[in-house]
Amino acid sequence: MENLWQNYTQKFTASVQYIPVRGPITIHQKVFFLIGIAAIVVYVSRLLKSFKRTGRESNKVAENLEENDSSSSISISIKDEATPQTPPQPPKPRHPTVTHDIALRHVCMVFLVLCYYFLCDYWHYFPRAERIYNRDLFFFLIAVLFIVNAVYTGHLAPDGGNHDKLLNRDQTEEWKGWMQVMFVWYHYYKAAETYNMIRIFIACYVWMTGFGNFSFYWIRKDFSLRRIFNSLFRLNFLVLITCMVTNNPYMLYYICAMHTFWYLSVYAMMRPFHQYNENPKVMGFKFLVYFLVVFIIFDVPGVATTLFRPFGCVLNFKDSIHEWVFRSTLDHYATLFGMLCAYFHPNTEASLRHINASSKSHFIITSISIVVFGVNYIWYKNVFVLNKFAYNKLHPYTFFIPMLSYIFLRNSYPLLRRWHCGLFGYLGKITLETYISQLHIYLIQDAKGLLVYFRGYPMLNFLVNSVIYIFMSNVLFKATLSLNAYIFPADYHKMLKNISKIFVGFLVAYMLVAVLSFI
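Sequence positions in the sequence shown follow full-length UniProt numbering and run 1 to 519.
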């Protein structure tokens, strides 16, 4: 065992090397730095003015209290006795308004984190090391994380409310969280043997896009332009500015492109004649049309390539549309399946509650579980164990088998539905940020190498890497939510004003950089 560990450490140390800067500073990077520095200057100046104003007001209050010390004490006592009790304050809004200063602070935070992206994965200030797979280490870390997480962050939510619902919010956040850990560590440790499992996890994410957005439009019936902007901003804000800073193509972050495409497909299905969505015949027709469109695009050879080629300026990767067609085809039925699950969710939940309330609930659940394990055994022996190329051909049509099995087993009893792991739930909220950040401050060079802080100490390097990575992802998550709320308020006049300011700001920045480049 000692020899194995020494061999791992030696390989890690021997692979550490400094790599050259990726290239010259681009015009987009210059614009980014110009806007970021300007934001910091404005924010610091406003902060200093606020401190000075607060200081002057405090001094005035102190002087007034000192001059009227005796009389003020008497008047206060009389006032307390004579005046009625202060009326209760109205409750604070659930989502506090994001002020200009708060938004500006978050712009500065995003700028600083993205500067670190630039430092690590463009300037290559820190060295890199090769990713080395060690099966024992990989599965040991996973086991430790899951055990510690279950023991120390697992908690049982109170009975009633939304906590014991089928696929409640806490549960889906937890689900996303542990899948994200597996996804990121698959890259970090080059765990190629887990490829098929990771493919299932990605399909589950796409399934959630269909399930979550269908549920929102079905329940809230909010098809407003603001909702579209909120969703598109959440999915693309960070990836677009990351492309500016790192000079990477949009398709390097294909998950964002996929979620954007499938979100728009859900909207395109739900929005037309939405006033008739309650009619089962209308919804049946919509599902049929959606299925036929997806089938023609992705299952008829050549259609996807022809259809998406005009969007090559966005979807191309290495001057080819192949990567986008390949990635989107792998999970092309996941969103449809997610919408179907959301549509039948109330019926499924009612059936599950009926089973739980039955005197034969244990027998019924045990019987279903035996069938589930049997089906999964057949799937495992005939599909899951295939090599990645053979598996990819069957994946779009078989991914739902392990996914539905997990959903059933995870929700079979009310106790299981109410129990959640806090750490995974937290990580599930920042999956978009951790997905993008992993490529620049956890790994570098398009996830082909490890970012190194400590030569010769792979596990210490892993620890420090993880702490910085999670911290900065959390900063970006909070900033994105704050800026989303600030830029797209409920007032469309303010929204248009904010969008116009941003457009003009970028236009001026590009013009200024272009002019300075010729001087």
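Beta carbons are placed, not taken as given, at the ideal position from N, Cα and C, and that holds for glycine.
Given the structure is predicted, the values throughout are model-derived calculations rather than measurements.
For residue i, the first and last residue of its enclosing beta strand (DSSP E)
{"i": "alanine 129", "result": "128 to 130"}
{"i": "leucine 450", "result": "449 to 451"}
{"i": "tryptophan 419", "result": "419 to 421"}
Residue i versus residue j - alpha carbon distance
{"i": "tyrosine 406", "j": "glutamate 278", "result": "29 Å"}
{"i": "asparagine 230", "j": "leucine 496", "result": "14 Å"}
{"i": "cysteine 204", "j": "isoleucine 519", "result": "53 Å"}
{"i": "proline 158", "j": "methionine 182", "result": "29 Å"}
{"i": "tyrosine 195", "j": "valine 385", "result": "11 Å"}
{"i": "arginine 46", "j": "cysteine 313", "result": "40 Å"}
{"i": "alanine 485", "j": "threonine 97", "result": "8 Å"}
{"i": "arginine 94", "j": "alanine 490", "result": "Summary for arginine 94: the model assigns pLDDT 47, below 50, so the residue's position carries little reliability, and this model does not support an answer."}
{"i": "threonine 153", "j": "cysteine 421", "result": "5 Å"}
{"i": "leucine 483", "j": "histidine 106", "result": "7 Å"}
{"i": "leucine 119", "j": "methionine 472", "result": "14 Å"}
{"i": "leucine 238", "j": "asparagine 7", "result": "39 Å"}
{"i": "tyrosine 333", "j": "lysine 381", "result": "23 Å"}
{"i": "isoleucine 370", "j": "aspartate 446", "result": "43 Å"}
{"i": "alanine 390", "j": "valine 383", "result": "8 Å"}
{"i": "glutamine 17", "j": "methionine 403", "result": "41 Å"}
{"i": "glutamine 29", "j": "asparagine 162", "result": "46 Å"}
{"i": "leucine 34", "j": "leucine 167", "result": "45 Å"}
{"i": "valine 513", "j": "glycine 505", "result": "12 Å"}
{"i": "cysteine 256", "j": "histidine 440", "result": "16 Å"}
{"i": "phenylalanine 111", "j": "leucine 264", "result": "29 Å"}
{"i": "histidine 362", "j": "histidine 187", "result": "40 Å"}
{"i": "isoleucine 40", "j": "serine 437", "result": "22 Å"}
{"i": "leucine 288", "j": "arginine 417", "result": "32 Å"}
{"i": "asparagine 474", "j": "glycine 428", "result": "11 Å"}
{"i": "isoleucine 78", "j": "leucine 104", "result": "With a pLDDT of only 31 at isoleucine 78, under the threshold of 50, the placement of this residue in the model should not be trusted; the figure read from the coordinates follows. If you take the alpha carbons of isoleucine 78 and leucine 104, they lie about 45 Å apart."}
{"i": "leucine 141", "j": "valine 467", "result": "15 Å"}
Which listed residue (the options) has its alpha carbon closest to that of residue i
{"i": "valine 44", "options": "Asp101, Ile19, Thr13, Phe32", "result": "Asp101"}
{"i": "valine 452", "options": "Phe12, Tyr8, Gln6, Asn7", "result": "Phe12"}
{"i": "valine 178", "options": "Arg271, Val464, Phe424, Gly456", "result": "The residue you asked about is not valine; residue 178 is tryptophan in the sequence shown. When only C-alpha atoms are compared, the closest one is Phe424."}
{"i": "asparagine 387", "options": "Glu193, Pro20, Val245, Val31", "result": "Glu193"}
{"i": "tryptophan 218", "options": "Tyr276, Phe462, Phe389, Val467", "result": "Tyr276"}
{"i": "phenylalanine 400", "options": "Leu330, Tyr254, Val513", "result": "Leu330"}
{"i": "threonine 242", "options": "Tyr510, Val41, Asn498, Thr434", "result": "Thr434"}
{"i": "lysine 221", "options": "Trp324, Asn248, Pro272", "result": "Pro272"}
{"i": "methionine 197", "options": "Gly36, Val266, Pro20, His395", "result": "His395"}
{"i": "arginine 227", "options": "Tyr253, Lys30, Phe317, Val266", "result": "Val266"}
{"i": "phenylalanine 291", "options": "Leu427, Gly338, Ile147", "result": "Gly338"}
{"i": "cysteine 341", "options": "Met208, Lys286, Val303", "result": "Met208"}
{"i": "lysine 448", "options": "Phe298, Ala191, Leu481, Gly302", "result": "Ala191"}
{"i": "valine 21", "options": "Arg53, Phe126, Phe285, Leu476", "result": "Phe126"}
{"i": "leucine 252", "options": "Leu264, Phe298, Asp319", "result": "Asp319"}
{"i": "alanine 350", "options": "Ser412, Pro310, Phe298", "result": "Ser412"}
{"i": "serine 358", "options": "Thr9, Glu323, Pro414", "result": "Pro414"}
{"i": "asparagine 465", "options": "Val184, Ile27, Trp123, Trp5", "result": "Val184"}
{"i": "leucine 409", "options": "Phe261, Ala129, Phe146, Trp175", "result": "Trp175"}
{"i": "methionine 270", "options": "Thr260, Met283, Met258", "result": "Met283"}
{"i": "arginine 128", "options": "Pro458, Asp164, Phe326", "result": "Pro458"}
{"i": "threonine 246", "options": "Leu315, Val148, Ile25, Phe51", "result": "Ile25"}
{"i": "glycine 23", "options": "Met109, Asp121, Ala14, Phe344", "result": "Asp121"}
{"i": "glutamate 130", "options": "Ser367, Gln10, Asn316", "result": "Gln10"}
Three-state secondary structure assigned by DSSP to residue i
{"i": "glycine 505", "result": "helix"}
{"i": "glutamine 445", "result": "coil"}
{"i": "phenylalanine 12", "result": "helix"}
Unbroken alpha helix (DSSP H) run spanning residue i, endpoints
{"i": "glycine 338", "result": "334 to 343"}
{"i": "asparagine 465", "result": "458 to 487"}
{"i": "tyrosine 413", "result": "From DSSP, tyrosine 413 is part of no alpha helix (DSSP H); its letter is neither H nor E."}
{"i": "serine 328", "result": "322 to 330"}
{"i": "glycine 23", "result": "Taken as a continuous stretch (DSSP letters only), glycine 23 belongs to no alpha helix (DSSP H), as it is neither H nor E."}
{"i": "tyrosine 435", "result": "431 to 437"}
{"i": "phenylalanine 454", "result": "No alpha helix (DSSP H) contains phenylalanine 454, which DSSP labels as neither H nor E."}
{"i": "proline 396", "result": "388 to 398"}
{"i": "serine 265", "result": "254 to 270"}
{"i": "isoleucine 368", "result": "361 to 379"}
{"i": "valine 113", "result": "100 to 121"}
{"i": "asparagine 230", "result": "225 to 246"}
The ligand FAD heavy atom lying under 7 Å from the CB of residue i
{"i": "tyrosine 217", "result": "Ligands displayed in this structure: none; no statement on the ligand FAD is therefore possible."}
Restricting to runs no shorter than 4 residues, where is the alpha helix (DSSP H) found entirely within the stretch 136 to 213?
169 to 188
Which residue spans inside the stretch 276 to 320 form an unbroken alpha helix (DSSP H) run of at least 4?
280 to 299, 303 to 308, 312 to 315
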